[in-house]
Amino acid sequence: MVAILSYPNKRLNNKARTVEDVLAPDVQAVIKDMFETLYSTENCAGLAATQLDFEEPLAITVIDVSEEKDQPYCLINPEIIASEGETNEPEACMSVYPSYVSDSVKRAEKITVRYLNQQGEQVELAADGFLAKCIQHEIDHLNGYLYIDRLSKLKRSRADKKIAKVRRFLESE
Ligand code: ZN
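In the working numbering, the protein residues as written are 84 to 256.
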């Protein structure tokens, strides 16, 4: 288990470091830790290393959007190489009070992402729907962005007010 960082922690804006050797034991240990955290966090479809309490987060994201939680994806050094269409679906984030805050975000409808898998093999994956949304959300994390950074000024200021309220509420508990 690794602790999940919460907004407005500035470390959420750190960019991930490129993984040089996927098979290195410390990298494999990070992946294992991340999957453990993913599967022991309720309603969690994906996590990026940059939102976790790692000193130097690597460019790794773990995702499982299946209901049975039996379809793990580990994307290392992911890069979107093609995208098409547009959607505007609600999103929430484990780092941004997911029980309280969500908003719709414009994303590509379909993407092709190139990455290394946990075995260090290069993979090109075409994704749409919830998985495509999730991958784009996690890659944003690896670049130091949160989904709320993609909101219009108006929606962002509404979200910030809501977050401030939630934080006051949680602190008073
Ligand atoms: Zn997130």
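Cβ coordinates follow ideal geometry from the N, Cα and C atoms, glycine included.
C-alpha distance - residue i paired with residue j, whole-angstrom precision
i           : j           : result
residue 244 : residue 183 : 12 Å
residue 112 : residue 131 : 15 Å
residue 173 : residue 125 : 18 Å
residue 105 : residue 170 : 33 Å
residue 121 : residue 95  : 17 Å
residue 138 : residue 196 : 26 Å
residue 212 : residue 192 : 7 Å
residue 149 : residue 156 : 10 Å
residue 136 : residue 166 : 31 Å
residue 93  : residue 154 : 31 Å
residue 164 : residue 254 : 42 Å
residue 146 : residue 248 : 30 Å
residue 207 : residue 235 : 31 Å
residue 221 : residue 198 : 13 Å
Residue i beta carbon near the ligand ZN (any heavy atom closer than 8 Å)
i           : result
residue 221 : yes
residue 230 : yes
residue 131 : yes
residue 182 : no
residue 179 : yes
residue 157 : no
residue 201 : no
residue 154 : no
Residue closest to residue i, alpha-carbon to alpha-carbon, out of the options
i           : options               : result
residue 162 : 144, 140 and 170      : 144
residue 175 : 136, 128, 254 and 237 : 128
residue 186 : 231, 167 and 155      : 231
residue 210 : 140, 168, 116 and 87  : 168
residue 239 : 110, 255, 141 and 179 : 179
residue 133 : 233, 98 and 242       : 98
residue 117 : 103, 142 and 101      : 142
Residues bridged to residue i [DSSP beta-bridge criterion]
i           : result
residue 129 : 146
residue 218 : According to DSSP, which records beta bridges pairwise, residue 218 is partnered with nothing at all.
residue 209 : 195
residue 165 : 195
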